[in-house]
Amino acid sequence: MKNSKTLHALILTVGLIFIGAGLASALTISIMPSKDNTLYEYDPAEGDHSNGAGFHFFAGETAMGELRRGVLAFDIAGSIPPGSTITAVSLNLNMSRTLLETARTVELHKLLADWGEGTSHAP
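In short: position in the sequence shown from 1, add 4, done, that's my numbering.
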């Protein structure tokens with residue numbers, strides 16, 4: 005994850021169960037994305053584009069009606085102790101620019117295949 009991006013951490017609230025002691029306690033941890041990219045809508049004249057090496061992260065529709073899909077990956081298994089119970093999750097992103105002054109809905113979807121950041125810096 006590039007430190008220069010304006011992404012905040014994914015916050016996970018994890019309930020840890022201590023089997024030996026029989027006690028339950030809550031722990032809050034922050035997990036930064038392990039990788040990120042912006043996938044640009046396919047343009048037949050220009051081909052595929054992404055912004056894996058770019059400074060910014062985009063999600064939504066441009067003024068020209070082209071879609072941008074921001075993708076984030078988190079190493080959950082490597083960050084949470086085995087046997088933990090996740091009781092709540094929040095994702096915080098910073099929006100630095102928008103075309104409209106009205107509220108926008110952003111949806112989250114689970115990707116079904118791995119993807120790479122690559123070295124592309126799309127326009």
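Glycine residues also receive a C-beta, built at the ideal position from the N, C-alpha and C atoms. The structure presented is a predicted model; accordingly, all values stated were derived computationally and were not measured.
Asked	Found
Looking at C-alpha atoms only, which residue of Thr91, Glu45, Ala49, Gly64 is the closest neighbour of Val110?	Gly64
For Pro85, count neighbouring C-beta atoms within 10 Å of its own C-beta (all shown protein chains included) and say buried if the count is 16 or more, exposed if not.	exposed
Whole angstroms are fine: how far does the CA of Ser94 sit from the CA of Leu115?	18 Å
Please report the distance separating the alpha-carbon of Gly58 from that of Ala126.	7 Å
Hey, how far is the Cα of Leu112 from the Cα of Thr123?	24 Å
Give the straight-line distance between the Cα atoms of Gly87 and Tyr46, rounded to the nearest whole angstrom.	42 Å
With DSSP run on the structure shown, which of helix, strand or coil describes Arg108?	coil
Among residues of its own chain, excluding the 5 on either side of Trp119, which ones have a beta-carbon nearer than 7 Å to its beta-carbon?	Asn41, Val75
In the DSSP assignment, what are the bridge partners of Gly58?	According to DSSP, Gly58 bridges with nothing at all.
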